[in-house]
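See below for the structure under consideration.
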Amino acid sequence: MVRKKPGDGLKALVRCGPLVLPAALGRGGISSFKREGDGCTPRGSMAVRGGFRRGGMLTPDRAGIPLFRIGVRDGWCDAPRHGAYNRPVRLPFPASHETLVRDDALYDFGFVLDWNIGSRRRGAGSAIFLHVARPGYTPTEGCIALKRRDLLRLMPFLRRGTIFRVG
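The sequence shown lines up with residues 2 to 168 when you count with our numbering.
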């Protein structure tokens, strides 16, 4: 469960098993009408599709899901008119994309959430991940972000198919 933190629509509480963890949401808050680039975290149920880790980061022994190793050539397409929209891509890539290896460490560990992946709709949003938060839980571009320590605590509870209900 992911619920808005009372009094702050850009922060949330993530409940999973015995854990209740603070998190950041998208700069546009939670929306039932997610659009590409709006900065909103989509309202609804999203399954964990897989996990990733930055090359050089050790996979925690307790991770409940294998973490795919990302490198400098890994990206994620966010160009709605491209055939690879909302899919992982290899860099260099000709269309608009996110680079998964970042200087700010936000994607040192992450999980792909099933938003607009199974049956993609152009412009309905891409690259919705559960990942490491910025200091102070500043808003994301639509993802759910937790402190690194809290994300590591959550990992043993995550499996392919674990559902995150955002509302």
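Cβ coordinates follow ideal geometry from the N, Cα and C atoms, glycine included. As the structure is a prediction and not an experimental result, all values here were calculated from the model.
Could you give the C-beta distance for residue i and residue j, rounded to a whole number, given that I count them as a contact under 8 Å?
i    : j    : result
G65  : M156 : 6 Å
G38  : F112 : Actually they do not touch by this definition, with Cβ atoms about 22 Å apart.
R50  : I129 : That pair is no contact at about 10 Å.
S33  : R44  : 5 Å
V102 : I71  : 6 Å
Should residue i be labelled buried (16 or more other beta-carbon atoms within 10 Å of its own) or exposed?
i    : result
S120 : exposed
T139 : exposed
V167 : buried
M47  : buried
G57  : exposed
Terminal residues of the continuous alpha helix (DSSP H) containing residue i?
i    : result
D151 : 149-155
Need the endpoints of the beta strand (DSSP E) that residue i sits in, please.
i    : result
D105 : Per DSSP, D105 belongs to no beta strand (DSSP E) and is neither H nor E.
P89  : 89-91
I129 : Where I129 is concerned, there is no enclosing beta strand (DSSP E), given that its DSSP letter is neither H nor E.
C17  : 9-17
S46  : 45-55
W116 : Neither: W116 is in no beta strand (DSSP E) and is coded neither H nor E.
G30  : From DSSP, G30 is part of no beta strand (DSSP E); its letter is neither H nor E.
Roughly how many angstroms separate the alpha carbons of residue i and residue j, rounded to a whole number?
i    : j    : result
C144 : G8   : 20 Å
L159 : R4   : 18 Å
G27  : G126 : 12 Å
L92  : R63  : 31 Å
H132 : W116 : 15 Å
T163 : M2   : 11 Å
R74  : L147 : 25 Å
E142 : A24  : 13 Å
Using DSSP's beta-bridge definition, name the partner residues of residue i.
i   : result
M2  : None, per the DSSP bridge assignment.
D62 : Paired residues: none, contrary to the question.
Using a Cβ-Cβ distance cut-off of 8 Å, determine whether residue i contacts chain D.
i   : result
G56 : Here there is only one protein chain, and chain D is not present.
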